[in-house]
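Asks: Residue numbers (the working numbering), protein chains in the order written: chain D, 114 to 301; chain G, 114 to 301. Think of the CB as a built atom: it goes at the ideal place given N, C-alpha and C, for glycine as much as any other residue. Before I ask anything, let me first share the structure, which is written out below as structure tokens.
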DNA sequence: GCTTAAATTTACCGATCAGTTAATTAACTT
DNA sequence: AAGTTAATTAACTGATCGGTAAATTTAAGC
């Protein structure tokens, strides 16, 4: 079945928010870009915040699905899958329209710890942590959670660096560090 | 001599922008918070963007001054100063009012590569890179720029992680990776 | 004390913000 | 085809956006 109007709205809104920012994107602009009238949008979502949250939930699902699948495709063992995270990042950075991490940006505009948008952003990162921890455990790490935290610091750093267009290949740099890190944690 | 009205304005505006975001902070709100009327503000700055840029330039200077001085205070050799960067970060993260990196946030709200705010944010990071590269060279790194890029990826990752309040001590995690990295690059 | 210029204030500009009301169109039921 | 309901629209709300014009206060020069 074809996507509902509501799903179309969320998808398109997400795209505009990503490209343009949250506060900088008004509901009128979204109406113009989606071809859906404002009143219809407010039929589906009570507030702009609700629409943003729906967009972020979609992004969370899509991004994790994409990243985890790509890691599994590019790596055959838990250890090589961890390494492959940085190959996947490299692909992402090269996509045109890449503008950094949606959740870093969301948490930059909605900073209150109690803000649902901030919370959802942190939750996304925690779900990544769960997956990477699991993988680190299966790779035989003595402290899988510590290893996961460190790998994810590299990931976040690479994303920020890529977004600011510093360095030629932040994913490659991060991967080089990850290699050393895994050698230390799992043996070379 | 006491700070000029203009400097007071920039300082206070910077603080509000940092806490509240850029688009979310209106000029009327700044007038209310600083006690300076809007017309006076526009005497000093032609546009809101100019005020933001002045704030970011101040932050750039202050932050680099603070970080570099702290690294020199906490470390006696180039190598230990590189390590001390993460001790300084830990101090920063623990300050109340810490809300992540001003420049990451600025570049999240002003994403166009041609935007002066985006450019200034990237320039700030490049100045950090120059300093860390220099230090890496003096520490005897065979590829000081590669080492600097990698250490700074750890720095950015730690900042983002701390801002989202993931993990207990991202600075410590990043430092642990830095230690391994330096051992590999400079010998243990 | 008077004049002049600089700094500050109040009040306002049109545009846009998130969100709503009332009228219209489209779709389904019988 | 008529009647009912659901979806959509244009037009509007008060508030706020970035920015300004004209009036008022403050300060300086003589």
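1. Hey, how far is the Cα of residue 296 of chain D from the Cα of residue 122 of chain D?
2. Measure how close the beta-carbons of residue 213 of chain D and residue 221 of chain G come, nearest whole angstrom, since I'm counting them as under 8 Å.
3. How would you call residue 237 of chain G, buried or exposed, if buried means at least 16 neighbouring beta carbons within 10 angstroms?
4. What beta strand (DSSP E) runs, 3 residues minimum, are completely inside the stretch 185-224 of chain G?
5. In whole angstroms, what separates the C-alpha of residue 207 of chain D from that of residue 129 of chain G?
6. Quick one: residues in its chain with C-beta nearer than 7 Å to the C-beta of residue 191 of chain G, no 5 flanking neighbours on either side, listed in chain order?
7. If you compare alpha carbons, which of G:185, G:210, G:209 and G:216 is closest to residue 201 of chain G?
8. Any contact between the stretch 254-272 of chain G and the stretch 262-273 of chain D? By contact I mean 3 or more CB pairs, one from each, below 8 Å.
9. Do the stretch 216-230 of chain D and the stretch 130-143 of chain G touch if we need at least three Cβ pairs shorter than 8 Å?
10. Taking 8 Å as the limit between beta carbons, can you name the residues of its chain near residue 188 of chain G, skipping five residues before and five after?
11. Anything in the stretch 118-144 of chain G with a Cβ closer than 7 Å to a Cβ of chain D? List those residues in chain order, please.
12. Verify whether the separation of the beta carbon atoms of residue 279 of chain D and residue 229 of chain D is less than 9 Å.
13. Which runs of the beta strand (DSSP E), 3 residues or longer, sit entirely within the stretch 159-189 of chain D?
14. For residue 114 of chain D, does the count of other Cβ atoms within 10 angstroms reach 16, so buried, or fall short, so exposed?
15. So what does DSSP say about residue 136 of chain D, is it helix, strand or coil?
16. I'd like the list of long-range same chain contacts for residue 180 of chain G, defined as Cβ closer than 6 Å, with 5 residues on each side in sequence excluded.
17. Could you check what DSSP says for residue 280 of chain G in three-state terms: helix, strand or coil?
18. Three-state secondary structure (DSSP) at residue 149 of chain G?
19. Would you say residue 290 of chain D reaches chain G, if we count a Cβ-Cβ gap shorter than 9 Å as a contact?
20. Would residue 114 of chain G count as contacting chain D if we go by Cβ distances under 9 Å?
21. Where does residue 289 of chain G sit, in a helix, a strand or coil, going by DSSP?
22. Let me confirm a value: residue 141 of chain G is counted as buried when at least 16 other C-beta atoms fall within 10 Å, else exposed. Which label applies?
23. Is the beta carbon of residue 173 of chain G closer than 9 Å to that of residue 233 of chain G?
Replies: In short:
1. Here the question's residue 296 of chain D lines up with position 183 in the first chain. Here the question's residue 122 of chain D lines up with position 9 in the first chain. Answer to the nearest angstrom: the Cα atoms are 46 Å apart.
2. Counting from 1 along the first chain, the entry for residue 213 of chain D is found at position 100. Counting from 1 along the second chain, the entry for residue 221 of chain G is found at position 108. Contact flag correct, Cβ pair sits at about 7 Å.
3. In the second chain, counting from the first residue as 1, residue 237 of chain G sits at position 124. A buried status is given to residue 237 of chain G, since no fewer than 16 other beta-carbon atoms sit within 10 Å of its beta-carbon.
4. For the stretch 185-224 of chain G, not one full-length beta strand (DSSP E) segment reaches 3 residues or more.
5. Here residue 207 of chain D refers to the residue found at position 94 of the first chain. Here residue 129 of chain G refers to the residue found at position 16 of the second chain. If I take the Cα positions, the gap works out to 35 Å.
6. If you number the second chain from 1, residue 191 of chain G lands on position 78. 248, 251 and 252.
7. One-based indexing of the second chain puts residue 201 of chain G at position 88. Of G:185, G:210, G:209 and G:216, the residue nearest in Cα terms is G:185.
8. Flag = yes, the stretch 254-272 of chain G and the stretch 262-273 of chain D touch.
9. Segments in contact, yes.
10. Sequence index remark: in the second chain, residue 188 of chain G carries index 75 (1-based). Cβ-Cβ distances below 8 Å link residue 188 of chain G to 194, 195, 196 and 197 in the same chain, with the five nearest sequence neighbours on each side left out; the list follows chain order.
11. From the stretch 118-144 of chain G, only 134, 136 and 137 have a Cβ closer than 7 Å to chain D.
12. Against the first chain, residue 279 of chain D aligns to sequence position 166. Against the first chain, residue 229 of chain D aligns to sequence position 116. Pairing residue 279 of chain D with residue 229 of chain D gives a Cβ-Cβ distance that is not under 9 Å.
13. Restricted to the stretch 159-189 of chain D, not a single beta strand (DSSP E) segment is unbroken, complete and at least 3 residues in length.
14. Taking the first chain and counting its residues from 1, one reaches residue 114 of chain D at position 1. Only weak support exists for where residue 114 of chain D lies, its pLDDT of 39 falling under 50; the value from the coordinates is given anyway. Its Cβ having fewer than 16 others within 10 Å, residue 114 of chain D is exposed.
15. Taking the first residue of the first chain as position 1, residue 136 of chain D is located at position 23. When secondary structure is reduced to three states using DSSP, residue 136 of chain D falls in the coil class, being assigned neither helix nor strand.
16. Position 67 of the second chain, counting from 1, holds the residue named residue 180 of chain G. Cβ within range, chain order: 201.
17. Start at 1 with the first residue of the second chain, and residue 280 of chain G comes out as number 167. Residue 280 of chain G falls in the coil class under three-state DSSP.
18. Numbered from its first residue, the second chain carries residue 149 of chain G at position 36. In the displayed model, residue 149 of chain G falls within coil according to three-state DSSP, outside both helix and strand.
19. Stepping through the first chain from its first residue, residue 290 of chain D is reached at position 177. So yes, residue 290 of chain D belongs to the interface.
20. Within the second chain, the letter at position 1 stands for residue 114 of chain G. The predicted position of residue 114 of chain G is uncertain, since its pLDDT is 38 and thus under 50; a value taken from the coordinates is nonetheless stated next. No, residue 114 of chain G lies away from the interface with chain D (no Cβ there is under 9 Å from its Cβ).
21. Numbered from 1 along the second chain, position 176 holds the residue referred to as residue 289 of chain G. Reduced to three states, the DSSP call for residue 289 of chain G is helix.
22. By 1-based counting over the second chain, the position of residue 141 of chain G is 28. Under this definition residue 141 of chain G is an exposed residue.
23. As a working mapping, residue 233 of chain G is identified with position 120 in the second chain. As a working mapping, residue 173 of chain G is identified with position 60 in the second chain. Judged by their CB atoms, residue 233 of chain G and residue 173 of chain G are nearer to each other than the 9 Å cut-off.
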